[in-house]
Amino acid sequence: MADMETKSETYARLGQEIAAVIDGEPTRTARYATAACLLSEAFEDFYWTGFYLVDPNRDAQLVVGPYQGTLGCLRIDFKRGVCGAAARSGKTIIVDNVHEFEGHIACDSATNSEIVVPVFDESGMLRAVLDVDSTKLSTFDAQDQAGLEAICARLLEGSQHP
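Under my numbering, the residues of the sequence shown are numbered 9 to 170, in order.
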């Protein structure tokens, strides 16, 4: 975050920056990569920031997409973990302590808290989830949820293909 900028202001600025960079870019992969990079750079507590994409060739399964951080899980079933729960429910999930989340997948043992935000295309179809991990407990709150949901809501506007 920039000096003296609130978390909400940072999200608003990032939303504008991401929108400016992806304007005219039809490829979802490029859009996801841009968002993951700018979000990761903006918040020091974002240990792992990236996208798991809905695999159109596998029923109810996510596959790792663009991310910033340590090695991520390659595939996550909708029945497993925080990412799977967010994909199943279509709702953002904030976990203060991942070690207390039933079915948590430890892709990286350094992760202690997590937020996962579903990403829908303009038709309302789930295309991905944005997963952000932190090494600290209770990192994420309603401001993160609102900021990330706003960014994800605009992320696929005008995109045409993977």
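Beta carbons: idealized from backbone N, C-alpha and C, even for Gly.
Rounded C-alpha distance that separates residue i from residue j
i	j	result
Ala27	Leu163	8 Å
Gln69	Glu13	38 Å
Asp171	Glu33	Because the chain here runs from 9 to 170, residue 171 falls outside it and cannot be looked at.
Ala118	Ala94	21 Å
Gly48	Val137	Note that residue 48 is Ser in the sequence shown, not Gly. Using only the alpha carbons, I get a separation of about 16 Å.
Val106	Val62	22 Å
Phe54	Pro126	18 Å
Ser167	Phe109	34 Å
For residue i, the nearest candidate out of the options (CA to CA)
i	options	result
Cys115	Tyr60, Arg135, Tyr19, Ala20	Tyr60
Phe51	Asp63, Gln76, Ile84, Asp31	Gln76
Glu165	Gln153, Thr35, Gly98	Thr35
Proximal residues to residue i (C-beta, below 8 Å), its chain only, five neighbours per side dropped
i	result
Gly23	Gly155, Ala158, Ile159, Arg162
Val29	Thr42, Leu46
Glu25	Leu46
Within 9 Å, strictly: CB atoms of residue i and residue j
i	j	result
Thr100	Ile123	yes
Asp149	Ile102	yes
Val71	Leu79	no
Asp141	Thr18	no
Cβ neighbours of residue i in the same chain (closer than 7 Å, five flanking residues each side left out)
i	result
Asp104	Ser121, Leu145, Ser146
Arg96	Phe86
Phe128	Leu134, Arg135
Gly111	Arg88, Gly89
Ile5	Because the chain in this structure spans residues 9 to 170, residue 5 falls outside the shown range and cannot be described.
Gly132	none
Close Cβ partners of residue i (< 6 Å) along its chain, the five nearest in sequence each way excluded
i	result
Tyr40	Phe59, Gly73, Pro74
Gln151	Lys15, Ser16
Ala44	Thr57, Gly58, Pro74, Tyr75, Gln76
Gly98	Pro126
**OP:** Run through the region 24–56 for me and flag every whole alpha helix (DSSP H) of 4 or more residues, listed as ranges in chain order.
**Re:** Within the region 24–56, the complete alpha helix (DSSP H) runs of at least 4 residues are 36–50.
**OP:** Would you list, in sequence order, the uninterrupted alpha helix (DSSP H) runs of no fewer than 4 residues that lie entirely inside the region 48–122?
**Re:** As far as the region 48–122 is concerned, its whole alpha helix (DSSP H) runs of at least 4 residues are 89–97.
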